[in-house]
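Q: What follows is a single structure, and I will ask about it in a moment.
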Amino acid sequence: MILSEKKAGILLHVTSLPSSYGIGDLGSACEEWLNFLMKTEQQYWQILPIHPVGFGESPYQSFSAFAGEELLLDPEWMREKGYLTSRELKNTPIFDDEVVDYQKVSEWKEKLFYQGFLRFRKESAANGFSQFCEQHKDWLDDYALFRAIKNKEEERPWHQWPEKLKKRDSQAIHQFSQENEELIQYYLFLQFCFFMQWQKMKKKYTEQNIKIVGDLPIFVAHDSADVWANSQLFDLKEDGTPRVVAGVPPDYFSVTGQRWGNPHYKWNEMKKNHYSWWSRRIEHLLTMVDIIRIDHFRGFEAYWEIPEEEITAKNGRWIKAPGDELFKELKKQYSNLPLIAEDLGIITPPVRALKKKFGLPGMKILQFSFYPGLKKRERPYEYEKNTFAYSGTHDNDTLAGWIQTEAQENKSIALRIKKQHRIDVYDNVEKTCWDLLEVLFSTNAGAVIVPMQDYLCLGSEARMNYPGTIANNWRWRVKKEAIADDVLAVKIKQLVTKSNRLRKRN
């Protein structure tokens, strides 16, 4: 994918959208957000992975690489379809509008959606349900079965299930399916609702020529339908636990590295059928989004392998990966691969060569551009055109938070910013934020993406994720007033206009 024209976008996960139901959803929240993107002349809406969150509510540790997050379902849509009643929605609890309380939202929505499912079951016409299940059966059946077994096994990870279910014994699976047919159908129903709602929402964005940038984690969670149903493709022990796990060595984010805990792939097994699992994964996600950011792209050239028994990521080793072969297979499907390479962290010449060979745009982070000892190419005015440039990502502090800590506490950073851009980081924080955003927009990068928190000049309290930690991440929500703020919209539009990044109309 080559960026031929300058464009702009905003990073805001769906969960962060304002809504009355405790979490962003695919209903009016997405419509109001679309209006804001149009008013501010954005071409891209970037989101995080949209799959069912697992451990720690992290979208990067999902129960499936194919299914959609059921908590994003809009209850109003289900009421319009006749699955819920107005009376049922009147009993909505009062939710926090600044953070997502996943437990509270989950408990309420699950009860509500099950009522909707029971009403749906009574319908004589299933409104395309059977066709949907048939169309997606290559992943959907395993996912619904996986979730149903987890439900009955008190949410224990699959490697702790009874031996026959863990090993997918056909007789045990058949018996469980017969005894729990209604529960399995419930999970199928939720996915049916999710994909119907998503496609309805996506159509509106496409009509306005606003592209959705999705996110694809290179690794999948161990406790997922993907690993349970395709265990031959993953490096596991006989008991189903990972032999080695994924992560990264010590870096900017952590002195002990990051031990993610995902199982590694058996690339030799995947090669036998031309990496078809990957082809299906990419193809499926591209029915939902327009462009995919591949998280941890460098793992396709070489990945950090950590012995499972290690509690940190320090004692790992680099193992070569077949990225070249994989992307050649994908190139057969897509002549112009709609992928962004997240090429941050320890990036070696072979990683850069892989990205260049397949014409993939990389990423630059403004916050990383002022540290001592950086290569010339890392400076803002040296960004390449085929680049997605960010003020920060979900893993970074907010821009205001970074200014108040790193930039103000590190004199070399403060001096470099003042010398190169005549910006005083000890000035008013909001002014400094907008001055730095102007630097970002004035770069040669083909695309500029700004997290919504940075336009609001919010501090570290609005940070989305602290890498290497589990508690209190992925919770931040934008307030409704911010999206309705015409003064803010005009200010953002001025930045976009001044840098010639106006949205192209259909």
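In short: position in the sequence shown from 1, add 2, done, that's the numbering used here.
Think of the CB as a built atom: it goes at the ideal place given N, C-alpha and C, for glycine as much as any other residue.
Looking at ILE342 and ILE294, is the spacing between their C-beta atoms short of 8 Å?
A: Numbered from its first residue, the sequence shown carries residue 294 at position 292. Numbered from its first residue, the sequence shown carries residue 342 at position 340. Cβ distance < 8 Å, so ILE294 and ILE342 count as in contact.
Q: Just checking, does the segment 393-412 make contact with the segment 365-372 on the three C-beta pairs under 8 Å criterion?
A: As far as the Cβ criterion goes, the segment 393-412 touches the segment 365-372, which means the pair count is three or higher.
Q: Expressed to the nearest angstrom, what Euclidean distance is found between the alpha-carbon atoms of VAL246 and PHE122?
A: The residue labelled residue 246 in the question sits at position 244 within the sequence shown. The residue labelled residue 122 in the question sits at position 120 within the sequence shown. Near 44 Å, if we compare the C-alpha coordinates of PHE122 and VAL246.
Q: Quick check: the Cα distance between ILE25 and GLU7, rounded to an integer number of angstroms?
A: As a first step, residue 25 must be located in the sequence shown, where it is residue number 23. As a first step, residue 7 must be located in the sequence shown, where it is residue number 5. Taking the straight line joining both Cα atoms gives about 34 Å.
Q: Within 10 angstroms of its Cβ, does GLU411 collect 16 or more other Cβ (buried), or is it exposed?
A: Working through the sequence shown from its first residue, we reach residue 411 at position 409. Label assigned to GLU411: exposed.
Q: Name the two residues that bound the continuous alpha helix (DSSP H) containing GLU307.
A: Taking the first residue of the sequence shown as 1, we reach residue 307 at position 305. Note, GLU307: premise wrong, no alpha helix (DSSP H); beta strand (DSSP E) at 304-309.
Q: Could you tell me whether the segment 478-492 touches the segment 419-432, using the rule of 3 or more Cβ pairs below 8 Å?
A: Cβ pair count under 8 Å is below three, so no.
Q: Which term fits ALA355, buried or exposed, when burial requires 16 or more other beta carbons within 10 angstroms of its beta carbon?
A: As a first step, residue 355 must be located in the sequence shown, where it is residue number 353. Exposed, by the Cβ-count rule.
Q: So if DSSP puts PHE134 in a beta bridge, which residue, or which two residues, is it bridged to?
A: As a first step, residue 134 is located in the sequence shown; it is residue number 132 there, counting from the start. According to DSSP, PHE134 bridges with nothing at all.
Q: Please state the DSSP three-state secondary structure of ALA416.
A: As a working note, residue 416 is residue 414 in the sequence shown. Here ALA416 sits in helix by DSSP.
Q: Could you spell out where the alpha helix (DSSP H) holding MET3 opens and where it closes?
A: Your numbering for residue 3 matches position 1 in the sequence shown. Element bounds for MET3: n/a, residue is neither H nor E.
Q: Determine the closest residue to VAL222 out of SER64, ASN430, TRP436 and ASP326, with distance taken between C-alpha atoms.
A: Within the sequence shown, numbered from 1, the residue matching residue 222 stands at position 220. For VAL222, the nearest C-alpha among the options comes from SER64.
Q: Would you mind working out which of MET40, ASP144 and LEU439 sits nearest LEU458, comparing C-alpha positions?
A: For the purposes of this step, residue 458 is taken as residue 456 along the sequence shown, with counting starting at 1. The shortest Cα separation from LEU458 among MET40, ASP144 and LEU439 belongs to LEU439.
Q: Is GLN45 buried or exposed, if buried means 16 or more other CB atoms sit within 10 Å of its CB?
A: Translated into positions along the sequence shown, residue 45 becomes position 43. Flag for GLN45 reads buried.
Q: Straight-line CA distance for GLN333 to GLU240?
A: Here the question's residue 333 lines up with position 331 in the sequence shown. Here the question's residue 240 lines up with position 238 in the sequence shown. Checking the sequence shown, residue 333 turns out to be Lys, not Gln. Roughly 35 Å separates the two Cα atoms.
Q: Using the DSSP secondary-structure output, state which residues sit across from PRO51 in a beta bridge.
A: Numbered from 1 along the sequence shown, position 49 holds the residue referred to as residue 51. The partner list for PRO51 (beta bridge, DSSP) is empty, contrary to what the question assumes.
Q: Here's a check: name, in chain order, each residue in its chain whose Cβ is nearer than 8 Å to the Cβ of ILE405, leaving out the five neighbours to either side.
A: Position 403 of the sequence shown holds residue 405. Same-chain partners within the cutoff: VAL427, VAL431, THR434, CYS435 and LEU438.
Q: Assuming the contact rule is C-beta atoms closer than 8 Å, TYR189 and ALA150 should be a hit. Round their C-beta distance to whole Å, please.
A: In the sequence shown, the residue the question calls residue 189 occupies position 187. In the sequence shown, the residue the question calls residue 150 occupies position 148. The pair is a contact, with the Cβ atoms about 6 Å apart (cut-off 8 Å).
Q: Pick helix, strand or coil for THR434, following the three-state DSSP scheme.
A: What you label residue 434 is simply residue 432 of the sequence shown in a count that begins at 1. If DSSP states are grouped into helix, strand and coil, THR434 belongs with the helices.
Q: With a floor of 4 residues, list each alpha helix (DSSP H) that falls wholly inside the segment 189-256, ordered by position along the chain.
A: The qualifying runs are 227-231.
Q: In angstroms, rounded to a whole number, what distance separates the CA positions of LEU362 and LEU86?
A: Sequence index remark: in the sequence shown, residue 362 carries index 360 (1-based). Sequence index remark: in the sequence shown, residue 86 carries index 84 (1-based). Between LEU362 and LEU86, the C-alpha separation is close to 45 Å.
Q: Does the segment 4-19 come close enough to the segment 167-176 to have 3 or more Cβ pairs within less than 8 Å?
A: Result no; under three Cβ-Cβ pairs closer than 8 Å.
Q: Grouping DSSP H, G and I as helix and E and B as strand, with all else coil, what is MET40?
A: The count along the sequence shown starts at 1 and reaches residue 40 at position 38. In the structure shown, MET40 sits in a helix (DSSP, three-state: H, G or I).
Q: Which residue comes first and which comes last in the beta strand (DSSP E) that contains LEU323?
A: To locate residue 323, count along the sequence shown from 1; it is residue 321. The question names Leu, but residue 323 in the sequence shown is Ala. Element bounds for ALA323: n/a, residue is neither H nor E.
Q: By DSSP's criteria, MET365 is part of a beta bridge. Which residues make up the other side?
A: Counting from one through the sequence shown, the residue named residue 365 turns up at place 363. For MET365, which the question treats as bridged, DSSP gives the partners PHE390.
Q: Hey, is ASP241's beta-carbon within less than 8 Å of any beta-carbon in chain C?
A: Absence of chain C from the displayed structure is noted, only one protein chain being present.
Q: Please classify GLN180: does DSSP put it in a helix, a strand, or coil?
A: Taking the first residue of the sequence shown as position 1, residue 180 is located at position 178. Three-state DSSP puts GLN180 in a helix.
Q: Taking all protein chains shown into account, decide if TYR62 is buried (16 or more other Cβ within 10 angstroms of its Cβ) or exposed.
A: The residue you call residue 62 lines up with position 60 of the sequence shown. Label assigned to TYR62: buried.
Q: Per the contact definition of three or more C-beta pairs closer than 8 Å, is the segment 459-475 in contact with the segment 31-41?
A: Because the criterion of three Cβ pairs below 8 Å is not met, the segment 31-41 and the segment 459-475 do not touch.
Q: Starting from TRP110, trace the beta strand (DSSP E) in both directions and tell me its first and last residue.
A: Within the sequence shown, residue 110 is the residue found at index 108, counting from 1. It is not in any beta strand (DSSP E) - TRP110 instead sits in the alpha helix (DSSP H) that spans 104-123.
Q: Would you say ILE451 and LEU13 are within 8 Å of each other, going by their C-beta atoms?
A: Translated into the one-based positions of the sequence shown, residue 451 becomes position 449. Translated into the one-based positions of the sequence shown, residue 13 becomes position 11. Closer than 8 Å, so yes.
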